[in-house]
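**Student:** Position one of the sequence shown corresponds to residue 2 (my numbering), numbered consecutively onward.
Ideal Cβ positions, reconstructed from N, Cα and C, are used throughout, including at glycine.
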Amino acid sequence: MQQTNPEEHVKKSFSEVIKESFKELKETFIAFVKAPRALWGVNIPYIIEGLVYFGILTILGKFGSENVDLIDTQSSLVYSFVTGGITFSMLLFGGFSDKLGVRNSLLLAFVGMLIGRVLISLSGTLPLSNGLWSPMFFSMIGGLFVMVMFYGLYQPAAYAGVKRYTTPQTAAMGYAVIYGLMNLGAFLSGFISSFTRQTFESSFPPNGLTAVFWVYVGLTGISLIITASLLSKKNDQDAVVSIKAETNQPPENEVKQEKLKINNLPLIIYALITLGLFLLSGFGFNNPANFFFSFNLLGLAVNIDFFFVLSLVAFVLAVIEFLRKRPEHPFRDKRFAFFIFMLIPVQTLFAHNWLTIPYYLDRAFKGSVVSEYFEIFSNLNPILVFILAPIVAGLTSKANVYKMMIYGTIVMSVPTFLLTVGPNMYLFLLYVLIMTIGESMWQPRFLQWIAEVAPKNMTGLYMGVGQFPWFLTKVLTGFYSGWVLTQYCPKDVDPSKMNTEFMWLLYGLIAITSPIGLILAKKWMMKGFKLKDGE
């Protein structure tokens, strides 16, 4: 049992916790204002990029459905390609930021994302035919592919910039600032998107969404200019010299570590084969080259998608290839693997923030202010996270980590059942509020748990691997969310004839399996785990 300071256990009143939380917000803002100019060159564009990225996610489904003329299942797979592709792209290109440097990586990333977003905007501007596999579809997908590829370089470079321009004492504050600014940008996107879409609806038919994409192109260009000016070579070197002087760090060339080199080419090949086979399948894209094996089993008609089955086999081979060359990989730790994969069901609610909620608000609330300004209502969660996260952290700072994971996932998943009553603005707002409180309870503790269960000198590896289920969540949720929308919240159908109540019941039942699983496995998970604070 660890020794602790008795003062740490002095209980504080709710008002004291609230004051301390807002004091932390104030200090965060002051730290941002006083930060080196080089860090400004990372943080300011990060606000804009949070606005642009989450703004695109909010309207991408509606654009695919109404402009490109995709069905919901196809639009949801596009979402999976974008969100899951970014995580995969970070694995492939994240290391390049170490070679290129923070400044060059960010500039290159913004140039690439600018090109990608221009292609997306052109898909809705040029007189191109629409539909699946049409010129408009390929222009949009081509732009998204370029954007995804360079976003995989951008985010690791941004976090590397925070590390480069902060001291060990200010690093936590630096990461808190950049996370908060991303959420702030995401919230602002709703206002910009709603105003632009409605203002230019007649100029960019049928719904003004193309005008929103062009605004995001302009904002990306502004981010590029700000990065180039604030994150100049001089500002970069001045910040590094200042940090080194403050922390007495040795010259970079004096500290070198040899890394084990692993040939990832077979893994990349397996991954590309998996993607290729999936695209050949009939899962959403209706590929004419695909074929099914049909037979009867115990009186039931069974249809097996040939290429989809092959894609699953290729995926399994990719996982085997990945683990085969990594004997000390965290996935070989059964408790760790169970824990992070058990969180996938509740994490689907994050993915539904862009896979389902924009459609739901636009269609089920048709004719109301909620539908008219669906972008704003879709992005209430980020601003609530920005405000509530430090307050909840203050209230629960002494709580046991695993218990907080259970309580947090319960609080996050249970309000989903409020939406089973039917479309109601007040119940939706209550759902967002309670869900966000739950998110603020368990999400920060997720990384804390990983750090505490990681073996010595393997914390970084465990932290990185802990994000893999989030990649799977984004991909897998996109596989079925479009079909569910088609069945229970379809396009161009009177809201009274929809069945969104069952849709949210289904999603609530999926999400609630996370806390149930954590509760059932508590004894096994806690066996041999050294709790803190004597709990």
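1) Could you give the distance in angstroms between the alpha-carbon of ASN297 and the alpha-carbon of ASP306?
2) Helix, strand or coil for SER295 per DSSP?
3) When the Cα atoms are used, what is the spatial distance from GLU8 to ALA400?
4) Please classify GLU255 as buried or exposed, where buried requires at least 16 neighbouring CB atoms within 10 angstroms.
5) Could you check which residue in VAL119, PHE138, SER81, VAL178 has the C-alpha nearest to that of ASN44?
6) For LEU519, report the span of its alpha helix (DSSP H) as first-last.
7) ARG446: buried (16+ other C-beta within 10 angstroms of its C-beta) or exposed?
8) Could you tell me which whole alpha helix (DSSP H) segments of length 4 or greater appear in the segment 369-453?
9) Nearest-angstrom Cα distance between GLY62 and LEU78?
10) Restricting to Cα atoms, I'd like to know which of THR349, GLU502, PRO496 is closest to PHE474.
11) Do SER90 and PHE97 come within 8 Å of each other at the CB atom, strictly closer than that value?
12) My assumption, with CB atoms under 8 Å, is that SER66 sits in contact with PHE480. Please give the rounded CB distance.
13) What is the DSSP secondary structure of VAL303, reduced to helix, strand or coil?
14) Check whether the segment 182-189 touches the segment 39-58, taking contact to mean three or more Cβ pairs, one atom from each stretch, closer than 8 Å.
15) Give me the Cα-Cα distance between VAL433 and ILE411, rounded to the nearest whole angstrom.
16) Which one of GLN488, MET413, VAL422 has the shortest CA to CA distance from ILE72?
17) Keeping to the same chain, check which residues put their C-beta closer than 7 Å to that of MET504; ignore five residues upstream and five downstream.
18) Could you compute how far the alpha carbon of PHE332 sits from the alpha carbon of ALA338?
19) Verify whether the separation of the beta carbon atoms of SER194 and GLU376 is less than 8 Å.
20) Rounding to the nearest angstrom, what Cα-Cα distance links LEU510 and THR167 in this structure?
21) Using the three-state DSSP reduction, which class does THR168 fall into: helix, strand or coil?
22) CB-CB under 8 Å to ALA110, same chain, minus the five flanking residues each way: which ones, in chain order?
23) Return helix, strand or coil for LYS100, following the three-state DSSP convention.
24) Per the contact definition of three or more C-beta pairs closer than 8 Å, is the segment 495-504 in contact with the segment 414-433?
25) Check the C-beta distance from THR197 over to VAL218 and give it rounded, since I have them as a contact under 8 Å.
26) VAL149 to LYS262, Cα distance in whole Å?
27) Which residue's Cα is closest to the Cα of LYS492: GLY56, ILE31, SER76?
**Tutor:** In this structure, then:
1) If you number the sequence shown from 1, residue 297 lands on position 296. If you number the sequence shown from 1, residue 306 lands on position 305. If you take the alpha carbons of ASN297 and ASP306, they lie about 15 Å apart.
2) Locating residue 295 in the sequence shown gives position 294, where the first residue counts as 1. Here SER295 sits in strand by DSSP.
3) The sequence position of residue 8 within the sequence shown is 7, counting from 1. The sequence position of residue 400 within the sequence shown is 399, counting from 1. For GLU8, the predicted structure reports a pLDDT of 40, less than 50, and the residue's modelled location is therefore unreliable. The matter cannot be settled from this model.
4) On the sequence shown, position 254 is the one that residue 255 refers to. Its pLDDT being 41, under 50, GLU255 is placed unreliably in this model, and the value from its coordinates should be taken loosely. Label assigned to GLU255: exposed.
5) The residue labelled residue 44 in the question sits at position 43 within the sequence shown. Checking every option, the nearest Cα to that of ASN44 belongs to VAL178.
6) Counting from one through the sequence shown, the residue named residue 519 turns up at place 518. Per DSSP, LEU519 belongs to the alpha helix (DSSP H) from 501-521.
7) If you number the sequence shown from 1, residue 446 lands on position 445. Label assigned to ARG446: buried.
8) Along the length of the segment 369-453, whole alpha helix (DSSP H) runs at least 4 residues long occupy 370-373, 375-379, 381-396, 402-414, reported in chain order.
9) As a first step, residue 62 is located in the sequence shown; it is residue number 61 there, counting from the start. As a first step, residue 78 is located in the sequence shown; it is residue number 77 there, counting from the start. Using only the alpha carbons, I get a separation of about 10 Å.
10) Against the sequence shown, residue 474 aligns to sequence position 473. Note on identity: in this sequence residue 474 is Thr, with Phe being the wrong assignment. Looking from the CA of THR474, the closest CA among THR349, GLU502, PRO496 belongs to THR349.
11) Translated into the one-based positions of the sequence shown, residue 97 becomes position 96. Translated into the one-based positions of the sequence shown, residue 90 becomes position 89. In this structure, SER90 does not lie closer than 8 Å to PHE97 by Cβ.
12) The sequence position of residue 66 within the sequence shown is 65, counting from 1. The sequence position of residue 480 within the sequence shown is 479, counting from 1. In fact, because the Cβ distance is near 17 Å, the residues do not count as touching under 8 Å.
13) For the purposes of this step, residue 303 is identified with residue 302 of the sequence shown, where counting begins at 1. In the structure shown, VAL303 sits in a strand (DSSP, three-state: E or B).
14) Flag = yes, the segment 182-189 and the segment 39-58 touch.
15) Along the sequence shown, read from residue 1 onward, the residue named residue 433 stands at position 432. Along the sequence shown, read from residue 1 onward, the residue named residue 411 stands at position 410. Distance between the alpha carbons of VAL433 and ILE411: 14 Å.
16) For this step, residue 72 is matched to residue 71 along the sequence shown. If we check each option's Cα against that of ILE72, GLN488 comes out closest.
17) Position 503 of the sequence shown, counted from the first residue, corresponds to residue 504. The residues are VAL485, TYR489, CYS490.
18) For the purposes of this step, residue 332 is identified with residue 331 of the sequence shown, where counting begins at 1. For the purposes of this step, residue 338 is identified with residue 337 of the sequence shown, where counting begins at 1. Distance from the CA atom of PHE332 to the CA atom of ALA338, rounded to whole angstroms, is 5 Å.
19) Taking the first residue of the sequence shown as 1, we reach residue 194 at position 193. Taking the first residue of the sequence shown as 1, we reach residue 376 at position 375. Contact: yes.
20) Start at 1 with the first residue of the sequence shown, and residue 510 comes out as number 509. Start at 1 with the first residue of the sequence shown, and residue 167 comes out as number 166. Taking the Cα positions, LEU510 is about 43 Å away from THR167.
21) Numbered from its first residue, the sequence shown carries residue 168 at position 167. In this structure, THR168 counts as coil in the three-state DSSP scheme.
22) Your numbering for residue 110 matches position 109 in the sequence shown. So the qualifying residues of the chain are PHE151, TYR152, LEU154, TYR155, ALA158.
23) Sequence index remark: in the sequence shown, residue 100 carries index 99 (1-based). Of the three classes helix, strand and coil, the one that applies to LYS100 here is helix, per DSSP.
24) Judged by Cβ distances under 8 Å, the segment 414-433 makes contact with the segment 495-504, as three or more pairs qualify.
25) Counting from 1 along the sequence shown, the entry for residue 197 is found at position 196. Counting from 1 along the sequence shown, the entry for residue 218 is found at position 217. THR197 to VAL218, Cβ: 12 Å. No contact.
26) Start at 1 with the first residue of the sequence shown, and residue 149 comes out as number 148. Start at 1 with the first residue of the sequence shown, and residue 262 comes out as number 261. If you take the alpha carbons of VAL149 and LYS262, they lie about 26 Å apart.
27) Numbered from 1 along the sequence shown, position 491 holds the residue referred to as residue 492. The shortest C-alpha separation from LYS492 is found at SER76.
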